[in-house]
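Q: This is the structure, below, for whatever I ask next.
In my numbering, the protein residues as written are -4 to 307.
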């Protein structure tokens, strides 16, 4: 088991009468790739920044890299790499020129040597991309350059806030390949994301809702412990039945072509719901079991917190 690099206890942040982070307890290990999920405004980004001393605490305590996050934030900050969702690059400069500028800002002695290392590590040496002006690059390559800039000073912890928003699936996959390589070197990577496929590539995930930590585990364990089942039900006609949609036997319904995807707490619930649907002439066949996804689990957790039993 790797050594803890971040430990926080009862971490709380309020703005006026609004509690943004509520009694957060977490331990993050060195070299761990940690995915943070939650709706917009759930408090996940504030939580990440608090754990690293970037946002003052209202109450609670914690350490990051052995330093007190409430009293020694100035010692933590130089050891962090931070990439925001809307990162800033100089569009009229080349990749190399952007990297040179960032390395000089960090006071790196051998700027040329470090730039060469980053160009190779992030594959900018392919097809002469290191000489390309940033303004002419695709979103995926700009995002990769922003990550390289965040890694320029060899941080021990990397913070990423929705880094792949608006990027195509192929570029997102390549980006996460790089993140896994970075984590393998011992850098702890904390990334917030809305994409469930990305969350599945994390070693551990945290789901934050209304400032509270509802899930903190390996993604495979989260799915195994969900106690939910899912099935695809073929339809003979369009699904138009508000009463069936509000049925407490089902947790979530979604139309998919000529079928409906059903998530419930048991296979028996799906079977009986499907029989009732068939009696009304809407279901045209038996339910086919399919995998439950992380989105289903988090959807259900959100309903529970809201005091609901179905999505409608």
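Just so it is clear, CB atoms sit at the ideal spot from N, CA and C, and this is done for glycine as well. Computed from a predicted model, the values in this text were never measured in an experiment.
Indicate the three-state DSSP secondary structure (helix, strand or coil) for residue 264 in the structure shown.
A: Counting from one through the chain shown, the residue named residue 264 turns up at place 269. Reduced to three states, the DSSP call for residue 264 is helix.
Q: Does DSSP classify residue 281 as helix, strand or coil?
A: Residue mapping note: residue 281 aligns to position 286 of the chain shown, counting from 1. Coil, per DSSP.
Q: Taking DSSP's pairing of strands, which residues face residue 19 in a bridge?
A: On the chain shown, position 24 is the one that residue 19 refers to. Looking at the DSSP assignment, residue 19 forms a beta bridge with 6.
Q: For residue 13, write down the residues that DSSP places opposite it in a beta bridge.
A: Residue 13 sits at position 18 when you count from the first residue of the chain shown. According to DSSP, residue 13 bridges with 10.
Q: Secondary structure at residue 251, three-state DSSP: helix, strand or coil?
A: To locate residue 251, count along the chain shown from 1; it is residue 256. In the structure shown, residue 251 sits in a strand (DSSP, three-state: E or B).
Q: Am I right that residue 28 and residue 175 are in contact with their C-beta atoms under 8 Å? What's the rounded C-beta distance?
A: Here residue 28 corresponds to residue number 33 of the chain shown, with the count starting at 1. Here residue 175 corresponds to residue number 180 of the chain shown, with the count starting at 1. Confirmed, about 6 Å.
Q: Roughly how many angstroms separate the alpha carbons of residue -1 and residue 214, rounded to a whole number?
A: Residue -1 sits at position 4 when you count from the first residue of the chain shown. Residue 214 sits at position 219 when you count from the first residue of the chain shown. Distance between the alpha carbons of residue -1 and residue 214 is about 20 Å.
Q: Measure the beta-carbon distance from residue 153 to residue 177 and round it to whole angstroms, keeping in mind my assumption that it falls under 8 Å.
A: Counting from 1 along the chain shown, the entry for residue 153 is found at position 158. Counting from 1 along the chain shown, the entry for residue 177 is found at position 182. Confirmed, Cβ separation roughly 7 Å.
Q: Residue 135 and residue 170 - do their beta-carbons sit closer together than 9 Å?
A: On the chain shown, position 175 is the one that residue 170 refers to. On the chain shown, position 140 is the one that residue 135 refers to. Going by C-beta atoms, residue 170 is nearer than 9 Å to residue 135.
Q: What number of angstroms, rounded off, separates the C-alpha of residue 265 from the C-alpha of residue 190?
A: Position 270 of the chain shown, counted from the first residue, corresponds to residue 265. Position 195 of the chain shown, counted from the first residue, corresponds to residue 190. Distance between the alpha carbons of residue 265 and residue 190: 27 Å.
Q: When you compare the segment 255 to 272 with the segment 217 to 227, are there three or more beta-carbon pairs, one atom per stretch, that lie closer than 8 Å?
A: Taking 8 Å as the limit for Cβ pairs, the verdict is that the segment 217 to 227 does touch the segment 255 to 272.
Q: Using only alpha-carbon positions, find the residue among 68, 167 and 41 that is nearest to residue 196.
A: If you number the chain shown from 1, residue 196 lands on position 201. Checking every option, the nearest Cα to that of residue 196 belongs to 167.
Q: Write down the C-beta distance between residue 218 and residue 296 rounded to the nearest angstrom, noting that I regard them as a contact closer than 8 Å.
A: Locating residue 218 in the chain shown gives position 223, counting from the first residue. Locating residue 296 in the chain shown gives position 301, counting from the first residue. That belief does not hold up - the Cβ atoms of residue 218 and residue 296 are roughly 13 Å apart, past 8 Å.
Q: Closer than 8 Å is the cut-off here; do at least three beta carbon pairs connect the segment 73 to 88 with the segment 146 to 163?
A: Touching, yes, given that three or more Cβ pairs across the two stretches are closer than 8 Å.
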